[in-house]
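In this text, residue positions in the sequence shown follow my numbering: the first is 20, and each later residue adds one. Working notes for the structure below.
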Amino acid sequence: MKVLAVDDDRVTLTTLRRLLEKFGYEPLLASNGTEALRLFMEFHPKMLITDWMMPEMEGPTVVKTVRAFAESEYTYIIMLTSRQDKDDLMAGMLAGVDEFLTKPIDPDQLRARLRVGKRIMQLQASLNRRVRELEEEREHVKVLQGFLPICAYCKKIRDDENLWSQVEEYISEHQANVQFSHSICPDCYESKVKPMEEAFWAKKRAEQEIAQG
Numbered sequence: 020m021k022v023l024a025v026d027d028d029r030v031t032l033t034t035l036r037r038l039l040e041k042f043g044y045e046p047l048l049a050s051n052g053t054e055a056l057r058l059f060m061e062f063h064p065k066m067l068i069t070d071w072m073m074p075e076m077e078g079p080t081v082v083k084t085v086r087a088f089a090e091s092e093y094t095y096i097i098m099l100t101s102r103q104d105k106d107d108l109m110a111g112m113l114a115g116v117d118e119f120l121t122k123p124i125d126p127d128q129l130r131a132r133l134r135v136g137k138r139i140m141q142l143q144a145s146l147n148r149r150v151r152e153l154e155e156e157r158e159h160v161k162v163l164q165g166f167l168p169i170c171a172y173c174k175k176i177r178d179d180e181n182l183w184s185q186v187e188e189y190i191s192e193h194q195a196n197v198q199f200s201h202s203i204c205p206d207c208y209e210s211k212v213k214p215m216e217e218a219f220w221a222k223k224r225a226e227q228e229i230a231q232g
């Protein structure tokens, strides 16, 4: 798992690299906020460790920018700081920090926080995967719902209970706002209705001729 570490202090950055490799992570190193954001956009690491006080761009600004970039993909963020003031910690949390780690870095505390972050990211990945599966299942159901079994002869429709009903009855049951006004299409008029009309009037004419004869 990739972890982006940001600190303007070279000694701290070297320590982070060594510890991250020791704990089995793949470190990405940046000495300032601008470089960190470039690496973040390129590699999309799952976790970020950033110092608070840095030139050019302070840690809270880095955190806010990362949160704005990655709305759909969560990133677990650890803030390095020597600050203990409640207002400062609250400001960090409001910026989007998940966890704080005081300097100098304690290896055991760092490993514990990384384990928590890794577990959360794995749960997030599992949740995202399940959401995708549910979305695919929903689309599949929508496709299945798009098919109606219709009799090729009488044009009745079979419902979920294996009962056959007329088109009007079926649609009325499943679409409450639908009302029907019956009409005849041109093809059916020519093939069905017109021959009946012609036969009717031919019969009428024949009856009239007999009556007059």
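Don't be surprised by glycine CBs; every beta carbon is placed ideally from N, CA and C. Computed from a prediction, not measured in an experiment: that's the story for all the values here.
Beta-carbon proximity of residue i to residue j, cut-off 8 Å
{"i": "residue 141", "j": "residue 93", "result": "no"}
{"i": "residue 55", "j": "residue 69", "result": "yes"}
{"i": "residue 116", "j": "residue 82", "result": "yes"}
{"i": "residue 132", "j": "residue 96", "result": "no"}
{"i": "residue 130", "j": "residue 42", "result": "yes"}
{"i": "residue 157", "j": "residue 168", "result": "no"}
Expected contact under 8 Å - CB spacing of residue i and residue j to nearest Å
{"i": "residue 53", "j": "residue 75", "result": "6 Å"}
{"i": "residue 175", "j": "residue 183", "result": "4 Å"}
{"i": "residue 126", "j": "residue 39", "result": "Not really, about 11 Å apart at Cβ, beyond 8 Å."}
{"i": "residue 51", "j": "residue 73", "result": "6 Å"}
{"i": "residue 124", "j": "residue 33", "result": "Their Cβ separation, rounded to whole angstroms, is 11 Å, which puts residue 124 and residue 33 out of contact at 8 Å."}
Cβ-based burial, residue i [other Cβ within 10 Å; buried from 16]
{"i": "residue 229", "result": "exposed"}
{"i": "residue 78", "result": "buried"}
{"i": "residue 219", "result": "exposed"}
{"i": "residue 225", "result": "exposed"}
{"i": "residue 67", "result": "buried"}
{"i": "residue 153", "result": "exposed"}
{"i": "residue 65", "result": "buried"}
{"i": "residue 221", "result": "exposed"}
{"i": "residue 113", "result": "exposed"}
{"i": "residue 212", "result": "exposed"}
{"i": "residue 22", "result": "buried"}
{"i": "residue 118", "result": "buried"}
{"i": "residue 150", "result": "exposed"}
For residue i: DSSP bridge partner residues
{"i": "residue 169", "result": "176"}
{"i": "residue 95", "result": "66"}
{"i": "residue 46", "result": "22"}
{"i": "residue 184", "result": "176"}
{"i": "residue 121", "result": "100"}
Candidates the options, of which the one nearest residue i by Cα
{"i": "residue 57", "options": "79, 25, 231, 112", "result": "25"}
{"i": "residue 62", "options": "45, 131, 71", "result": "45"}
{"i": "residue 20", "options": "47, 145, 204, 149", "result": "47"}
{"i": "residue 28", "options": "138, 122, 216, 207", "result": "122"}
{"i": "residue 31", "options": "180, 120, 113", "result": "120"}
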